[in-house]
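> Chains as they are written, first to last, in the numbering used here: chain A, 473 to 897; chain B, 48 to 178. Cβ atoms here follow ideal geometry from the backbone N, Cα and C, with glycine treated the same way. As the structure is a computational prediction, the values presented were derived from the model and not from experiment.
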Amino acid sequence: MAVTEPSLLKVEALRRQFPIFKRSFNGKELAYLDNAATTQKPGIVIQELTRFYSESNANIHRGAYALSEEATAAYEGARQHVAGLIHARSVQEVVFVRNATEAINLVAYAWGRRNIHPGDRIVLTELEHHSNLVPWQLLAQEREALLEFVPIDGQGRLDLAVLDRLLQQEPKLVAVGHVSNALGTINPVTEIVRKAHAAGARVLVDGAQSVPHQPVDVTEIDADFLAFSGHKMCGPTGIGVLYGKQDVLEAMPPFLGGGDMIRQVQLHESTWNDLPWKFEAGTPHIAGAVGLGAAVKFLQGIGMQAIFVHEQQLLATLLDRLQSLPYVSLYGPSDPAEQAGIVSFTLGHIHAHDVATVLDRHAVAVRSGHHCCQPLMERLHVPATVRASLYLYSTEHEVERLVQGIQDAARIFRLDRAVRGDARG
Amino acid sequence: MDDLYQDRILDHWEHSPFRGRIEAPDAVADGYSKLCGDALHLELKLNGDRIAMIRFDGDGCIISQASASILAERMEGKSIAEAQRLDGPQVLQELGIPLSPARVKCALLALSVLHQALGEVEQERESNGVA
């Protein structure tokens with residue numbers, strides 16, 4: 473796909489498709505910069521949920537009646553859209569789950585309990601979200617396996633020389649985030665996967681912060697698993713995706729047992745359904761999947777590369793503006809070539825929640841806290857950071873309002889004085 | 048805006064006379080709030096049934112640190128019984144700033160740490176047979 477200039481992304485027209493931007497807070501319009509937590513929903517996705525429940529609602533893969541067949545077609549059609557987005561070779565490689573967290577837990581449970589044995593090693597990184605850490609801790613404790621961590625440098629970039637050393641110990645699995653939700657670091661996952669495969673390891677990529685924002689091609693990255701959430705890409709909450717290579721998924725035992733995941737059930741044993749339904753026990757979030765399908769169509773209509781370019785252009789402006797403020801400390805690469813549209817920062821010695829509280833009075837919504845990355849925050853020696861994260865509908869005006877809010881916080885917290893030499897110890 | 052981060056609150060946060068340690072304290076307690084990662088360490092010096100001195104140390108948001116200072120100011124010299132009767136709504140009233148539900152937890156961290164310290168005093172006195 474050709475690189476689209478950001479001017480071609482008609483952001484104001486796009487924003488009008490999101491009903492929530494009609495809201496105001498304290499008389500101010502909403503500047504929503506917490507897109508790494510969840511994104512807003514376009515009318516087309518909201519309408520698709522209503523349409524499904526109003527017109528097509530029935531359980532799937534069951535009834536021999538027209539309505540059930542319609543519901544099944546809508547659900548499976550959504551799977552095709554998702555498969556197309558990530559260039560999966562087949563819809564059998566796309567499993568619907570609740571979210572990226574559940575996708576990773578599925579792999580830890582079903583693949584991990586079969587393939588990880590006492591003394592085996594699992595390689596993670598210091599950047600990981602708790603969802604790509606805790607499931608592996610649980611597995612490692614149960615299977616007496618070892619967790620190893622690729623460290624980061626001062627700019628929040630992975631130290632790949634350490635990865636090379638860890639791979640020499642022949643780990644069974646490497647699990648890595650594509651884009652850090654806390655610092656925005658874009659990790660070179662294609663290179664990591666190639667090296668890990670050469671060392672005989674399987675690779676899980678947490679795509680929660682990449683799939684919504686840039687073109688992701690599983691045939692190019694070649695990961696064995698890719699996990700992501702629908703609600704971070706204009707879709708409903710409660711629906712997410714596990715992509716897995718077909719042969720890997722085939723060899724795995726089921727995750728949850730129940731209806732729809734079985735072929736034949738006898739009192740003492742059962743046989744499993746084909747992929748992907750083997751991993752979709754019970755009635756799934758049918759409407760959620762249909763809504764996600766609509767979201768994928770919406771994103772593809774704009775173009776993933778165009779979205780990426782828009783966010784990177786805005787990121788450059790945001791970094792530039794923040795770097796001009798002497799009391800702002802930035803965490804992460806601070807370079808659009810290595811960073812996605814997520815920026816973590818602190819203001820002097822002020823706690824992130826106090827900054828976020830001031831920004832909230834300006835109707836600027838940001839995240840403050842440890843971003844579900846407590847080990848990373850310890851590594852950075854901060855209890856918490858403020859995080860601003862962009863999406864396709866983010867504007868320069870919103871960035872400017874963030875900067876104005878930060879300047880107001882600096883005034884309130886007497887930082888502009890501190891910078892002039894009155895710094896507190 | 049400044050109704051929340053008013054000068055009184057900022058002064059308590061930045062220049063609290065109650066920040067520090069006590070030599071040979073009679074009770075100490077620590078608290079941690081998950082939301083902000085606020086950490087608070089509280090030390091007490093007792094004089095019979097009275098709280099002679101309160102000092103705190105900690106790291107966290109302005110609300111948690113300022114409320115620790117304001118609590119120390121209010122309770123120094125007061126009786127243990129009075130401190131035990133002090134409740135959340137009273138502390139929030141004392142702070143006198145509008146807080147969202149999430150930030151109320153920051154404001155009440157100091158009170159819970161104070162009660163924790165007093166609970167230990169009580170336990171110790173009971174086990175020593177002091178009424």
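What did DSSP end up calling I822 (chain A) once you bin it into helix, strand or coil?
Counted from its first residue, the first sequence places residue 822 (chain A) at position 350. Three-state DSSP puts I822 (chain A) in a strand.
> Identify the contact partners of F885 (chain A) in chain B, using a Cβ-Cβ distance below 8 Å as the criterion.
Here residue 885 (chain A) is taken as the residue at index 413 of the first sequence, counted from 1. Going along chain B in sequence order, the residues near F885 (chain A) (Cβ under 8 Å) are Y52, L57, I109.
> Please report the distance separating the alpha-carbon of M705 (chain A) from that of W60 (chain B).
Walking along the first sequence from the start, residue 705 (chain A) turns up at place 233. Walking along the second sequence from the start, residue 60 (chain B) turns up at place 13. So the alpha carbons of these two residues sit roughly 40 Å apart.
> Do S742 (chain A) and A508 (chain A) have their beta-carbon atoms positioned less than 7 Å apart in this structure?
Working through the first sequence from its first residue, we reach residue 508 (chain A) at position 36. Working through the first sequence from its first residue, we reach residue 742 (chain A) at position 270. Not in contact: A508 (chain A) and S742 (chain A) (Cβ atoms no closer than 7 Å).
> Using CA atoms only, rank isn't needed, just tell me which of A:L794, A:A612, A:D832 is closest to L819 (chain A).
For the purposes of this step, residue 819 (chain A) is taken as the residue at position 347 of the first sequence. Comparing Cα-Cα distances from L819 (chain A) to each of A:L794, A:A612, A:D832, the minimum goes to A:L794.
> Note down, in chain order, every chain A residue with its Cβ under 8 Å from the Cβ of R150 (chain B).
On the second sequence, position 103 is the one that residue 150 (chain B) refers to. Those are H825, T829, listed as they occur along chain A.
> Can you find at least 3 beta carbon pairs, one from the region 551-561 of chain A and one from the region 730-740 of chain A, that sit closer than 8 Å?
At 8 Å Cβ cutoff, the stretches do not touch.
> Per DSSP, what are the beta-bridge partners of H88 (chain B) in this structure?
In the second sequence, the residue the question calls residue 88 (chain B) occupies position 41. Answer is B:D77, B:D104.
> Please identify the residue among A:L630, A:K482, A:E565 whose C-alpha is closest to the C-alpha of R851 (chain A).
For the purposes of this step, residue 851 (chain A) is taken as residue 379 along the first sequence, with counting starting at 1. If we check each option's Cα against that of R851 (chain A), A:L630 comes out closest.
> Using a Cβ-Cβ distance cut-off of 7 Å, determine whether A837 (chain A) contacts chain B.
Counting from one through the first sequence, the residue named residue 837 (chain A) turns up at place 365. No, no contact with chain B.
> Quick one, which of A:R586, A:E868, A:T544 has its alpha-carbon nearest P726 (chain A)'s?
By 1-based counting over the first sequence, the position of residue 726 (chain A) is 254. Checked all of A:R586, A:E868, A:T544; the closest Cα to P726 (chain A) is A:R586.
> So which residues of chain B does H650 (chain A) contact, with C-beta pairs closer than 8 Å?
Position 178 of the first sequence, counted from the start, is the residue given in the question as residue 650 (chain A). Going along chain B, no residue has its Cβ under 8 Å from H650 (chain A), so there is no contact; the nearest lies around 27 Å.
> Would you mind reading off the limits of the alpha helix (DSSP H) that contains I516 (chain A)?
Your numbering for residue 516 (chain A) matches position 44 in the first sequence. Run containing I516 (chain A): 515-523, per the alpha helix (DSSP H) assignment.
> Nearest to E484 (chain A) by alpha carbon, out of A:T755, A:V622, A:Y865?
On the first sequence, residue 484 (chain A) is found 12 positions in, with the first residue counted as 1. Measuring from the Cα of E484 (chain A), the nearest candidate turns out to be A:Y865.
> Suppose you measure from the CA of A723 (chain A) to the CA of L605 (chain A); what does that come to, to the nearest Å?
One-based indexing of the first sequence puts residue 723 (chain A) at position 251. One-based indexing of the first sequence puts residue 605 (chain A) at position 133. The straight-line gap from Cα to Cα measures roughly 24 Å.
> Suppose you measure from the CA of R859 (chain A) to the CA of P643 (chain A); what does that come to, to the nearest Å?
Taking the first residue of the first sequence as 1, we reach residue 859 (chain A) at position 387. Taking the first residue of the first sequence as 1, we reach residue 643 (chain A) at position 171. Distance between the alpha carbons of R859 (chain A) and P643 (chain A): 33 Å.
> Within the same chain, show all residues whose beta-carbon is closer than 7 Å to that of R735 (chain A), passing over the 5 residues directly before and after it, in chain order.
On the first sequence, residue 735 (chain A) is found 263 positions in, with the first residue counted as 1. If we look at R735 (chain A) and ignore the five residues flanking it on each side, its Cβ neighbours are T743, W744, N745.
> Quick check on DSSP: helix, strand or coil for I734 (chain A)?
Sequence index remark: in the first sequence, residue 734 (chain A) carries index 262 (1-based). Strand.
> In chain order, what residues of the same chain lie with their CB nearer than 8 Å to the CB of A673 (chain A), ignoring the 5 residues before and after it?
Along the first sequence, one-based indexing puts residue 673 (chain A) at 201. Closer than 8 Å at Cβ, skipping near neighbours: V595, L639, E642, P643, K644, L645, V646.
> Using C-beta distances below 8 Å, list every residue in its chain close to N531 (chain A), excluding the 5 sequence neighbours before and after it, in chain order.
Position 59 of the first sequence, counted from the first residue, corresponds to residue 531 (chain A). The answer, listed in chain order, is S540, A543, T755, I758.
> Given this structure, state the Cα-to-Cα distance separating L790 (chain A) from A76 (chain B), to the nearest angstrom.
The residue labelled residue 790 (chain A) in the question sits at position 318 within the first sequence. The residue labelled residue 76 (chain B) in the question sits at position 29 within the second sequence. Taking the straight line from one Cα to the other gives about 43 Å.
> For T511 (chain A), write down the residues that DSSP places opposite it in a beta bridge.
Counting from one through the first sequence, the residue named residue 511 (chain A) turns up at place 39. Partner(s): none; T511 (chain A) has no beta bridge.
> In chain A, which residues lie with their C-beta within 8 Å of the C-beta of D106 (chain B)?
Within the second sequence, numbered from 1, the residue matching residue 106 (chain B) stands at position 59. In chain order: P855.
> Is it the case that the Cβ atoms of F881 (chain A) and L502 (chain A) are separated by a distance below 7 Å?
Numbered from 1 along the first sequence, position 409 holds the residue referred to as residue 881 (chain A). Numbered from 1 along the first sequence, position 30 holds the residue referred to as residue 502 (chain A). Inspection of the sequence shows that residue 881 (chain A) is occupied by Ala rather than by Phe. Going by C-beta atoms, A881 (chain A) is not nearer than 7 Å to L502 (chain A).
> Against chain B, with Cβ distances strictly below 7 Å, would D888 (chain A) count as a contact?
On the first sequence, residue 888 (chain A) is found 416 positions in, with the first residue counted as 1. Cβ-Cβ to chain B under 7 Å: no for D888 (chain A).
> Thinking A181 (chain B) and G105 (chain B) are a contact (beta carbons under 8 Å), I'd like their distance in whole angstroms, please.
The structure shown has nothing for residue 181 (chain B), since chain B only spans 48 to 178.
> Using the C-alpha atoms, what's the distance from Y79 (chain B) back to A115 (chain B)?
Stepping through the second sequence from its first residue, residue 115 (chain B) is reached at position 68. Stepping through the second sequence from its first residue, residue 79 (chain B) is reached at position 32. In a straight line, the C-alpha of A115 (chain B) is about 13 Å away from that of Y79 (chain B).
> Can you round the beta-carbon distance between G707 (chain A) and L764 (chain A) to whole angstroms, since I take them to be within the 8 Å contact cut?
As a first step, residue 707 (chain A) is located in the first sequence; it is residue number 235 there, counting from the start. As a first step, residue 764 (chain A) is located in the first sequence; it is residue number 292 there, counting from the start. That belief holds up - the Cβ atoms of G707 (chain A) and L764 (chain A) are roughly 4 Å apart, short of 8 Å.
> Assess, as a yes-or-no matter, whether the region 608-615 of chain A is touched by the region 707-716 of chain A under the definition of 3 or more beta carbon pairs within less than 8 Å.
Not touching, per the Cβ criterion.
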